[in-house]
Amino acid sequence: MDWSSFQVIAIMAIGLTGGVLGGLLGLGGSVFIIPALTFLLGTNQHLYQAAALIANVFVAVAATNRHRGRGTIRRDIVPAMALATTGAAVAGVLISNLFSPKPLAAVFGVFLCFAAISELIALIRRVPDCATTPDARCPLPLAVGIGLTGGFASGLLGIGGGAIMVPLLRKFGRLPLRQAVASSAAAMIVACAVGALAKNLSIATLTTPDGTPLTTRESLMLAGLLAPLAMVGGTIGAALVYRLPIDATRLVLSILLAFAGVRMILTGLGW
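Following the numbering used here, the numbering of the sequence shown begins with 535 at its first residue and continues without gaps.
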């Protein structure tokens with residue numbers, strides 16, 4: 535693809551920033567990467583999803599590696615969540631290739647805005663993060679349901695799934711923030727890999743908004759610029775989870791969820 539030197543550097547910077555945010559908040563990075571690429575290069579949703587899903591794998595692996603040994607990965611629920619997210623991610627990719635994801639994007643967007651407002655209100659009211667109850671139980675059926683929802687959103691929208699799973703684990707699973715972030719990152723590794731494979735294998739059947747056929751080579755070139763620094767960013771972000779004050783992380787989470795939610799609603803409305 536014909537990118538200028540400035541665009542190449544900007545794409546790499548987008549990968550780094552998305553990786554930091556993804557590692558810090560367990561969201562995968564695409565919540566930032568896809569809109570940033572759209573702003574930089576113009577609308578090309580399928581291409582950006584294909585490349586971002588690859589980058590998400592590197593972010594999730596790097597972040598999970600940092601979370602290991604910290605005791606924040608919930609091994610009682612992560613395996614079941616990982617299986618659920620993987621199957622749902624493939625279903626999401628297939629549906630995104632066949633139908634417009636706009637209506638569902640708007641639904642997910644409303645949920646993310648609600649989650650952002652809920653987190654912000656709790657922060658303002660000084661509601662504790664449940665860090666004093668690290669043994670909070672998340673029933674396995676609930677964890678599977680959260681995994682299915684997050685995986686489906688990941689495949690459908692290319693967002694990594696964590697944007698859905700972290701607030702669900704917080705709201706319904708009653709997990710402390712660090713456990714929700716670490717468990718989401720660990721559960722998404724296989725799902726992102728399978729989703730990326732499915733999306734890139736089918737990308738030749740898709741086109742740009744002006745009707746130009748897409749190629750796997752294009753998505754791999756874009757992913758090649760995003761992924762290396764996204765992996766570095768994922769490592770940095772995951773380390774910050776344990777260095778930043780919990781309230782600071784909660785504030786960043788609420789802001790990014792609100793940003794992602796508004797963006798999805800606007801996408802759903804066709805704006």
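Yeah, the Cβ is synthetic: ideal placement off N, Cα and C, and Gly gets one too. Given the structure is predicted, the values throughout are model-derived calculations rather than measurements.
- With three or more CB-CB distances shorter than 8 Å, the region 676-686 counts as touching the region 608-625.
- Relative to residue 710, the option among 670, 564 and 735 whose CA is nearest is 670.
- Here residue 630 has 690 as same chain residues with Cβ atoms under 6 Å from its own Cβ, once five neighbours each way along the sequence are excluded.
- Residues 631 of the same chain have their beta carbon placed closer than 6 Å to that of residue 736, with the five preceding and five following residues left out of the count.
- DSSP, reduced to helix, strand and coil, places residue 741 within a strand of the structure shown.
- An exposed status is given to residue 738, since fewer than 16 other beta-carbon atoms sit within 10 Å of its beta-carbon.
- The C-alpha of residue 606 lies about 30 Å from the C-alpha of residue 732.
- Across the set 715, 781 and 537, the C-alpha of 781 shows the shortest separation from the C-alpha of residue 661.
- Collapsing the DSSP output to three states places residue 637 in a helix.
- With contact defined as three or more Cβ pairs closer than 8 Å, the region 635-644 and the region 737-751 are not in contact.
- Listed in chain order, the alpha helix (DSSP H) runs fully inside the region 697-780 are 711-736 and 750-775, counting runs of at least 4 residues.
- As summarised for the region 589-643, the continuous alpha helix (DSSP H) elements at least 4 residues long and confined to that stretch are 612-632, given in chain order.
- Residue 542 is classed as exposed because its beta carbon has fewer than 16 other beta carbons within 10 Å across all chains shown.
- Under the three-state reduction of DSSP, residue 784 is assigned to helix.
- Annotation for residue 547: the continuous alpha helix (DSSP H) segment containing it runs 539-559.
- Cβ-Cβ separation between residue 794 and residue 725: approximately 18 Å, too far for a contact (criterion under 8 Å).
- Judged by their CB atoms, residue 557 and residue 566 are not nearer to each other than the 8 Å cut-off.
- The C-alpha of residue 759 is placed about 21 Å away from the C-alpha of residue 722.
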